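Below: one structure, written as structure tokens.
Chains as they are written, first to last, in the numbering used here: chain U, 39 to 543; chain G, 2 to 69.
Next up, the structure:
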């Protein structure tokens, strides 16, 4: 494997209700999701249920198994403590995660699709927020694709990578730690303020870096670790691990998301193949290095590595690039897939430009674009770094309203480059990727909204008319349920029951 | 600091042929940067119009609960 693997991105958005006397984030988030469901979702999907239950199903040759659940429909429709939770026709999940609205993208297979269905998530959030304004019952809701309120709270943008269970976890820790620390040079979304609840106003690369307090661990909401050990594969746990990456920033920039997903997937491929064994890139003091890299916008800070080496973050990234290129050449030669070739080329170019002058990346990377904007204000208005206007720019950069969000305004001026058109994003808002099980999930919801009782990543539960019990269709294999695999069955089936019969045939 | 070769010298960069045409970094060049700089006044004028009027109040009121 190369940059191609089963991946996904989950993003918690910042949420505010300007003018509200008391802000209840959970209630506002619930209102947001429900407004979207009311206005965009058909039939039973107006009030669909996420199915939390786990089941270890048997599979037939197609990767499906039908088990007639004994449960009465009412048992499966637990209201999840009243928190809104919908599954979209593009295979994504849109729900309330504690005090934030969250969009979890459908499973995708490559970094370009990761960007596209992440942008689809922005479109979902924009629409949902718009509904809350036009419905006019309550105050409008504003949403921010960032990771901190700059007052001590942080919320995440998590990446998920399905990878081989065979790869020893120690080698994941050993290699991904230096990789995550150094990749901040292009993944950083930029932040004004140093420290969780900043006492000092200076600019740094990452929104998230200062919120990490451990090297390895299970937590995600406190004492956050650089390497998170949560592992629910939502697939065959004997073969796969789902690497849950919590260290990244939420990016407005397409290129940053693209590089973040593609480079990480490629490094995982090297780990899975054993290509890196015998080498060592361990960082001596990871947490300190994490902060040091983020806090130095000149990108010159040296990091102490094993073997008495002192390298900058760019030098560490160049080493990863070089190893990746060697790996691809030795493993695939001229047969390298175009997606991996494109990723390697862009990764190398970005490192060259960052090395020469980071400002050359102001139209492709968030931290540079935002920095350039702040610098322009500082120059024109003679502002100190502590000026409230600059902090406002920091927040408003991530505002997802097309007319008020600064990143989106930069995109409209062609000063932050997009990878996809509005039409492509709109299509991805409605339709799932065709090359993963998200296709099956999304098409079931699109075609048979009235017959889906519940759904989650690894199964869909049908409530068929005239049947007493529910029918669960497991989708445990993420590479099955694709267009190629089941597209023709959807064409042949006139209704959900026929589809079920065809699947069982 | 150890002598480090530029990655380009050690490994041939993959051919550009066949790569997607909409490679976004192509315009991130020094020339492009100069063009962006020239545009900065009109950019700031535009941002002035959309920035929150009371920046201090806006920043103060942006309070979130911690998440994952």
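No residue lacks a Cβ here, since even glycine has one placed at the ideal position from N, Cα and C.
None of these values were measured; they are calculated from a predicted model.
Burial state of residue i, where buried means 16 or more other Cβ atoms lie within 10 Å
i	result
residue 503 of chain U	exposed
residue 315 of chain U	exposed
residue 338 of chain U	exposed
residue 285 of chain U	buried
residue 498 of chain U	buried
residue 522 of chain U	exposed
residue 1 of chain G	The shown model of chain G, from 2 to 69, leaves out residue 1 of chain G, and the question about it has no answer.
residue 246 of chain U	buried
residue 123 of chain U	buried
residue 39 of chain G	exposed
residue 42 of chain G	exposed
residue 549 of chain U	What the structure shows of chain U is the stretch from 39 to 543, and residue 549 of chain U is not part of that stretch, so it cannot be assessed.
residue 143 of chain U	buried
residue 240 of chain U	exposed
residue 370 of chain U	exposed
residue 259 of chain U	exposed
residue 54 of chain G	exposed
residue 539 of chain U	exposed
For residue i, the three-state DSSP class (helix, strand or coil)
i	result
residue 402 of chain U	coil
residue 202 of chain U	strand
residue 241 of chain U	strand
residue 139 of chain U	strand
residue 186 of chain U	strand
residue 507 of chain U	coil
residue 533 of chain U	coil
residue 191 of chain U	coil
residue 212 of chain U	helix
residue 517 of chain U	coil
residue 49 of chain U	strand
residue 158 of chain U	helix
Chain U contact for residue i (CB, 7 Å cutoff)
i	result
residue 39 of chain G	no
Residue-chain proximity (residue i, chain G), Cβ-Cβ < 7 Å
i	result
residue 225 of chain U	no
residue 427 of chain U	yes
residue 268 of chain U	no
residue 138 of chain U	yes
residue 193 of chain U	yes
residue 300 of chain U	no
residue 205 of chain U	no
residue 416 of chain U	no
residue 345 of chain U	no
residue 63 of chain U	yes
residue 247 of chain U	no
residue 430 of chain U	yes
residue 118 of chain U	With a pLDDT of 40 at residue 118 of chain U, under the threshold of 50, the modelled position of that residue is not reliable, and the figure given next carries that caveat. For residue 118 of chain U, the answer is no, since every Cβ of chain G falls outside 7 Å of its Cβ.
residue 103 of chain U	Caution applies to residue 103 of chain U, whose pLDDT of 38 falls short of 50 and renders its modelled position unreliable; the model cannot decide the point.
Contacts that residue i makes with chain A (C-beta to C-beta distance below 9 Å)
i	result
residue 441 of chain U	Note that chain A does not occur in the displayed structure, where the protein chains are U and G.
Closer than 6 Å: residue i CB and nearest the ligand PLP heavy atom
i	result
residue 284 of chain U	As presented, the structure is devoid of all ligands, the ligand PLP included, so that no description of it is given.
Where residue i meets chain G, residues with beta-carbon distance less than 7 Å
i	result
residue 434 of chain U	52, 53
residue 189 of chain U	64
residue 284 of chain U	69
residue 444 of chain U	48
Chain G residues whose Cβ lies nearer than 9 Å to that of residue i
i	result
residue 208 of chain U	Those do not exist, as residue 208 of chain U stays about 25 Å from chain G at its closest Cβ, beyond 9 Å.
residue 50 of chain U	68, 69
residue 259 of chain U	67, 68, 69
residue 196 of chain U	69
residue 135 of chain U	68, 69
residue 54 of chain U	62, 63, 64, 65
Chain-ordered chain G contacts of residue i [CB-CB under 8 Å]
i	result
residue 447 of chain U	47, 48, 51
residue 451 of chain U	40, 44, 47
- [ ] Please go through the region 418-485 of chain U and give each complete alpha helix (DSSP H) segment of 4 or more residues, from N-terminal end onward.
- [x] Restricting attention to alpha helix (DSSP H) runs no shorter than 4 residues, the region 418-485 of chain U encloses them at 426-434, 444-450, 460-468, 476-485, ordered along the chain.
TODO: Quick one: which unbroken alpha helix (DSSP H) runs of 4-plus residues sit fully inside the region 272-356 of chain U? Chain order, please.
DONE: Every unbroken stretch of the alpha helix (DSSP H) spanning 4 or more residues and falling wholly within the region 272-356 of chain U is given here in chain order: 292-311, 324-333.
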